[in-house]
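Residue numbers for the sequence shown follow my numbering, so the first one is 944 and each next one is one higher.
Every residue, glycine too, gets a C-beta built ideally from N, C-alpha and C.
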Amino acid sequence: GVLVASWYPPGMSDSEGEPQETIFLTLLNAAHRYGLKVAPHIEPYRDRNPINFSEHLHYFIARHGNHPALYRMRRGDKYLPVYYVYDSYLIPAEAWKEMLNAKGNLSIRGTQYDGIFLGLLVEMQHRHDIKKAHFDGFYTYFATNGFTYGSSWKNWRSLGKYSRQNGLLFVPSVGPGYIDTQVRPWNVANTRHRRHGKYYEVAWRSALAAHARVVSITSFNEWHEGTQIEPAIPRVISTFTYLDYEPEGPNFYLNLTRWWVSEFSNKLEK
944 GVLVASWYPP
954 GMSDSEGEPQ
964 ETIFLTLLNA
974 AHRYGLKVAP
984 HIEPYRDRNP
994 INFSEHLHYF
1004 IARHGNHPAL
1014 YRMRRGDKYL
1024 PVYYVYDSYL
1034 IPAEAWKEML
1044 NAKGNLSIRG
1054 TQYDGIFLGL
1064 LVEMQHRHDI
1074 KKAHFDGFYT
1084 YFATNGFTYG
1094 SSWKNWRSLG
1104 KYSRQNGLLF
1114 VPSVGPGYID
1124 TQVRPWNVAN
1134 TRHRRHGKYY
1144 EVAWRSALAA
1154 HARVVSITSF
1164 NEWHEGTQIE
1174 PAIPRVISTF
1184 TYLDYEPEGP
1194 NFYLNLTRWW
1204 VSEFSNKLEK
C-alpha cells in the first residue's frame, strides 16, 4: 500500500499547525518497518511557484530521495517518485510548463529531480490545463460526489477516456462518505451519508468502470470530515458525537477496503 501524506518545505505549515517537514522522515521510517510506501502530497504553501517548487524538489530529493519507503512508479526504464500537487490550478499552466516540459527553462525532466507529477482536477477545464502544463496525470481528491466536476462519479468514464487518449494517468479519489459540519456548520449541502458502505461501494465501482489504473482513498485521519476508514467505536464527547460503523463493527471499512482493493487488483491483472 501507499500512503499519500501532506508535505511542506522546511519551516512551513498550514495555518493550524507547526512546521512538519521533519515528521515526513519519521513517517517514511515507520512505513518501511511495515512494508508500506509513502508519496508526498505537496500543499499550496505560501508563494508557491515553479521556481521555488523546483528548489524545494532539490531539497526533498537530497533528504528523502534514497529512502526505501519513498514510492516510485515506472516510466519507461526508470522508477520515479510520485508527487501529488494539491491546488495545482492556482499556478497557470504556462508557468508549470517551464518546469514540467522537457524544453522548459526550469525543466526537471531527465534530471535526478524528475518524477511523476499529478495535478488536482477540480473543473472540466483543468483537463486541458493539466495537459498543457505537462503534468503526468491528475487526481480528483474530494470525497463528496457532485462537489466538483472531478469528484462527480458520473464524469469518471469520460475523464478516464481523456487520460488514455492523451497519455495521462487518471487517479480517481474515493471515500466512504463525508460530513464536516462539526468544523464547517454551513456546509450541510456537501454531507454524503455512508449508507452502511453503499456510498463507498458505488465510488469504487465508478472508479473501476472508468478503467483507472490507480485509485486513491481520501480518508484515514480526517475524522473531522467524516471520511475515516480506520477502526471506529461509538464515542460521544460534550460537543460532538463521532460517527461509528455500527452495527457492522469497528473494522467494517477496513474489510470493505480490502475487498475492493482485491477486486481492483484482479481487474488490473486481466
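Exercise. Would you please state the rounded distance, in angstroms, between the beta carbons of ALA974 and ALA1012? I believe it to be under 8 Å.
Key: 4 Å
Quiz item: With 16 other CB atoms within 10 Å as the buried threshold, where does GLN1068 fall?
Solution: exposed
Exercise. Pick helix, strand or coil for TRP1129, following the three-state DSSP scheme.
Key: coil
Quiz item: Are HIS984 and VAL947 touching if we call contact CB-CB under 7 Å?
Solution: yes
Quiz item: In angstroms, rounded to a whole number, what distance separates the CA positions of LEU1043 and ARG1052?
Solution: 7 Å
Practice problem: Report buried or exposed for TRP1202, applying the criterion of at least 16 other Cβ atoms within 10 angstroms of its Cβ. | Solution: exposed
Practice problem: Determine the burial state of ARG1135: buried for a count of at least 16 other Cβ atoms within 10 Å of its Cβ, exposed for fewer. | Solution: buried
Quiz item: Between ARG989, HIS1007, TYR1092, which lies nearest to LEU968 when the distance is taken from Cα to Cα?
Solution: HIS1007
Quiz item: Can you name, in chain order, every residue of its own chain whose Cβ lies under 7 Å from the Cβ of ASN1098, other than the five neighbours on each side?
Solution: TYR1092
Self-check item: Straight-line Cα distance separating ALA1152 from TYR1056
Solution: 34 Å
Practice problem: Within the same chain, show all residues whose beta-carbon is closer than 7 Å to that of ASP1020, passing over the 5 residues directly before and after it, in chain order. | Solution: none
Self-check item: Alpha carbon of TYR942 to alpha carbon of TYR1185, nearest angstrom
Solution: Residue 942 lies beyond the range of the chain shown here (944 to 1213); nothing can be said about it.
Quiz item: Roughly how many angstroms separate the alpha carbons of LEU971 and LEU1064, rounded to a whole number?
Solution: Each residue's alpha carbon lies about 27 Å from the other.
Practice problem: Would you mind working out which of ALA1036, PHE1060, LYS1046 sits nearest VAL1028, comparing C-alpha positions? | Solution: PHE1060
Quiz item: With distances taken from CA atoms, which of ALA1150, ALA1132, GLY1140 is nearest SER1094?
Solution: Nearest C-alpha to SER1094 among ALA1150, ALA1132, GLY1140: ALA1150.
Quiz item: Pick from LEU1112, GLU986, ILE1176, VAL1145: whose alpha carbon is nearest that of ARG1017?
Solution: When each option's Cα is compared against that of ARG1017, the closest is LEU1112.
Quiz item: Using the beta-carbon count (16 or more within 10 Å), is SER1106 buried or exposed?
Solution: buried
Self-check item: C-alpha gap between PHE1195 and ARG1138, whole angstroms
Solution: 13 Å
Quiz prompt | PRO993, DSSP secondary structure in three states | solution = Here PRO993 sits in helix by DSSP.
Quiz item: Would ASP957 be called buried (16 or more neighbouring beta carbons within 10 Å of its own) or exposed?
Solution: exposed
Practice problem: Given a cut-off of 7 Å, decide if ALA1036 and MET1076 are closer than it, judged by their beta-carbon atoms. | Solution: Note that residue 1076 is Ala in the sequence shown here, rather than Met. Against a cut-off of 7 Å, the Cβ pair of ALA1036 and ALA1076 comes out as a contact.
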